[in-house]
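Take a look at the structure below.
Number of protein chains: 4
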Amino acid sequence: MPAYIYSRTVRLQDTDAAGILFFANWFIFAHEAYEKMMEDIGIGFARLFETESYIVPIVHAEADYNKPVRVGDEIEVELTVADIGTTSFTVKYILRTTDRQTAGTCRTVHVTMDKRNNKKIPLTDELRQGLSGYLPD
Amino acid sequence: MPAYIYSRTVRLQDTDAAGILFFANWFIFAHEAYEKMMEDIGIGFARLFETESYIVPIVHAEADYNKPVRVGDEIEVELTVADIGTTSFTVKYILRTTDRQTAGTCRTVHVTMDKRNNKKIPLTDELRQGLSGYLPD
Amino acid sequence: MPAYIYSRTVRLQDTDAAGILFFANWFIFAHEAYEKMMEDIGIGFARLFETESYIVPIVHAEADYNKPVRVGDEIEVELTVADIGTTSFTVKYILRTTDRQTAGTCRTVHVTMDKRNNKKIPLTDELRQGLSGYLPD
Amino acid sequence: MPAYIYSRTVRLQDTDAAGILFFANWFIFAHEAYEKMMEDIGIGFARLFETESYIVPIVHAEADYNKPVRVGDEIEVELTVADIGTTSFTVKYILRTTDRQTAGTCRTVHVTMDKRNNKKIPLTDELRQGLSGYLPD
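Residue numbers (my numbering), protein chains in the order written: chain A, 1143 to 1279; chain B, 1143 to 1279; chain C, 1143 to 1279; chain D, 1143 to 1279.
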C-alpha cells in the first residue's frame, strides 16, 4: 500500500499527569509525519514559507483514541492521502504501537490559499502529484 | 443559555511560523475551559487524580477552523455539554474573537473508566449532575 | 515594590507523567507574564510583529525549581525588570504558590534587533521607559 | 569524545509567529536527547516511573541562544555529562545546525530523590556508571 511511514517515541513532554499521552499531542505526532512527507515530496514548510505564494492551512482535524500510550512507547504513524479535491486535500493517520495494535487515528483537512489574500486557490500540479503518491490503490 | 464561558489570550507559544495559532493548540484552549468548568462543579483534576476511583479520558476530539487567530487575540470559549450518556459525555466549544465572530469550534467525547482496570463505568451522580448544568435547554 | 503580577493555573497540558509541571513549561508561565506586561506598557507582540522595525529575541533563559507544582495549582508570577542596558534587558520572575512559597524562579535576557538585518540596536525610548516602570526601587 | 548525539528536525509546533524556534522549546530538544540517552544506558523513563524507587527531577535549567533556527532545520544535539555529584548530576547540550555552527547550548541539573518522600538520595551505582560514560575525558 502506498503509505508514508513515520516513527516517533512518546517523550515526557507528550504525556500529562494522568500518566498517558495528552490528547492534543496526537495531532503533533500526525503533523510531524505530514511535515516529513511534504519534505519528501519536495514541498517542505521551509520552502512553503519562504518562496511559495500559497499556504495550506488546516480547516478540520479529528482524532480517535483507542488505547493509552505512555512515555517511551514507540509509535509508528502510517499516513495516507484520503482525498484530493480542487482546493483541498485530506490526510489520514493510523498510529500504532510496536505490537501492531492501533493506538489511535487522526484526520486533517487542508485547503490551499493564496498567501496574499487568504482566498482558496486550486492545488498546484506539483502538490497534487506529490500527494497522489500516497492515495490508496 | 446555560453555557460556561472561559477567556484566554493567544500567546506566542500558541502560534507557529505561519503567524497564526498552531491547529493542535485549539484543543488546549478547549481543554483549559473544560478543566476550569470541572473545577467549578467541584470535580477538578487535582481531586480526580488524588482521591477519585475513576478517570475521564478523551476518546474522540475534533475541531473546525473558521478564521485564523494571532498573538494577542482575545478568545472567548463558550462551553456546553452536548450529550450525557451512561458511560460517556460530549462537550462542545465555540471559540470566538472579540468581534463575536466564530474563529473555530471543538468537540471532545469523554468516557468514565475505573482507574484500577480501565473498564468503562457509569458516570457518578455528582458528575452527571454537574455536567447537566451546561446542557442546552 | 514595582512588580508586575500575573496569575495562571497549572493545566493538564503543563504537567507530565511524573505528575508535576514539565520543567520547560515554567518558561511558558514566565513568558506569558512578560507578554502581558508588554501589552500593558503598550508594546504587545501583535504590534511588534505588525508595525515595529525591531524584535526582542531571548538570548539567555534560566530557571530554578524549588518545589513541584501540580495540576490545579494557582501560580502567581511576580515579574520585575532586573536590568536595562543599551541594547538588552533582563527580566526576572518569581513563581509562587497560593501559600506564598516560592515554587521557582526564572530569568530571561532579551536583545533589541533590527528586524531587517538582525543587528543589535539600542532600545527605543518607549521600550526603555515602559520597562523602567518595573525596575526595583 | 564521549558525547551522545541526538538528531531532531525543527517542526512547525516548535516555532512561533516570530518565524523561529520558541525559546522554551530548546529545552524540549535537550530533554529528548537526555531521555534517549537514559534509555540507551538502560534507565528509560518508562522503567523509572514503573519500577524504580527514585526520581530525577530537574532543579535548574538554562539555555543560550546563538542563532535563530527555523522550521525544517536539522539540529544535532551533542550531550555530555558535565558533573556527577553525590545526589545530583549536570548535563550539557550543544545544539548545532548542519553547517556545524552552534545554534545554542543548554544545561540541566538533576537530583536523585526517593519517590516516597521527595528526599535527596545518592545516585544508584547503575545510574552513576551509565552517566559516567558521557563524562568528558
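Ideal Cβ placement from N, Cα and C applies to all residues, glycine included.
From a predicted model like this one, the values you see are computed outputs, not experimental measurements.
Distance from the CA of Asn-1260 of chain B to the CA of Leu-1190 of chain B, rounded to the nearest whole angstrom, comes to 15 Å. Within the region 1182 to 1197 of chain B, those residues whose Cβ lies closer than 7 Å to any Cβ of chain A are, in chain order, Phe-1191 and Ile-1197. When B:Arg-1242, B:Phe-1164, B:Leu-1277 and B:Tyr-1276 are compared, the shortest CA-CA separation from Ile-1200 of chain A is found for B:Phe-1164.
Beta-bridge annotation (DSSP): Arg-1150 of chain B is paired with B:Ile-1217.
Not flagged as an interface residue toward chain A: Val-1223 of chain B, since no C-beta distance is shorter than 8 Å.
In chain order, Gln-1155 make up the part of chain C whose C-beta sits under 7 Å from the C-beta of Ile-1170 of chain B. Residue pairing for Leu-1237 of chain D: DSSP places it in a beta bridge opposite D:Val-1219 and D:Gly-1246.
Ile-1200 of chain A reaches chain B at Phe-1165 and Tyr-1207, counting residues in chain order whose Cβ is nearer than 8 Å. In this structure Asp-1156 of chain C is buried. Its beta-carbon is surrounded by 16 or more other beta-carbon atoms within 10 angstroms. Asp-1206 of chain A: member of the beta strand (DSSP E) spanning 1200 to 1207, first to last residue. Taking the beta carbon of Val-1213 of chain B as reference, the chain D residues within 7 Å of it are Ala-1159, listed in sequence order. Taking every protein chain shown into account, the CB of Thr-1250 of chain A has 16 or more other CB atoms within 10 angstroms, so this residue is buried. The three-state secondary structure of Ala-1145 of chain D, taken from DSSP, is coil. Secondary structure of Ile-1162 of chain B (DSSP, three-state): coil.
Closer than 8 Å to the CB of Glu-1216 of chain C there is not a single CB belonging to chain B.
In the assembly as shown, Leu-1237 of chain C is a buried residue. Its beta-carbon has 16 or more other beta-carbons within 10 Å. The CB of Ala-1145 of chain C never comes closer than 9 Å to any CB in chain D; the least such distance is about 22 Å. Just measuring C-alpha positions, the residue of D:Val-1233, D:Arg-1258 and D:Met-1255 sitting nearest Tyr-1146 of chain D is D:Val-1233. Less than 8 Å divides the Cβ of Val-1219 of chain D from the Cβ of Tyr-1235 of chain D.
Nearest to Tyr-1148 of chain A by C-alpha distance, out of A:Phe-1169, A:Glu-1174 and A:Asp-1158, is A:Glu-1174.
Fewer than three pairs of CB atoms, one per stretch, sit closer than 8 Å, so the region 1239 to 1249 of chain A makes no contact with the region 1177 to 1196 of chain A. DSSP, read as helix, strand or coil, puts Lys-1178 of chain D in helix.
Taking a 10 Å sphere around the C-beta of Thr-1229 of chain A, we find fewer than 16 other C-beta atoms and assign the residue as exposed.
DSSP places Asp-1267 of chain C in the helix class (H, G or I) of the three-state scheme.
When C-beta distances to chain D are compared with 8 Å, every residue of the region 1251 to 1267 of chain A stays at or above that value. For the C-beta of Glu-1204 of chain C, not a single chain B residue is nearer than 7 Å; the gap to the nearest is close to 18 Å.
Within a 10 Å sphere around the beta-carbon of Gly-1214 of chain B sit 16 or more other beta-carbons, which makes this residue buried.
Rounded to whole angstroms, Ala-1205 of chain A and Phe-1231 of chain A show a C-alpha spacing of 17 Å. Only exposed fits Thr-1193 of chain D, as fewer than 16 other CB atoms lie within 10 angstroms of its CB. Not a single C-beta of chain A is nearer than 8 Å to the C-beta of Glu-1220 of chain D. By the neighbour-count definition (other C-beta atoms within 10 Å, threshold 16), Arg-1258 of chain C is an exposed residue. According to DSSP, Phe-1169 of chain C shares a beta bridge with no other residue.
Using a 10 angstroms sphere on the CB of Leu-1154 of chain B, the tally of other CB atoms reaches 16 or more, which defines it as buried.
Nearest to Asp-1225 of chain A by alpha-carbon distance, out of A:Gly-1161, A:Gly-1272 and A:Ile-1162, is A:Gly-1272.
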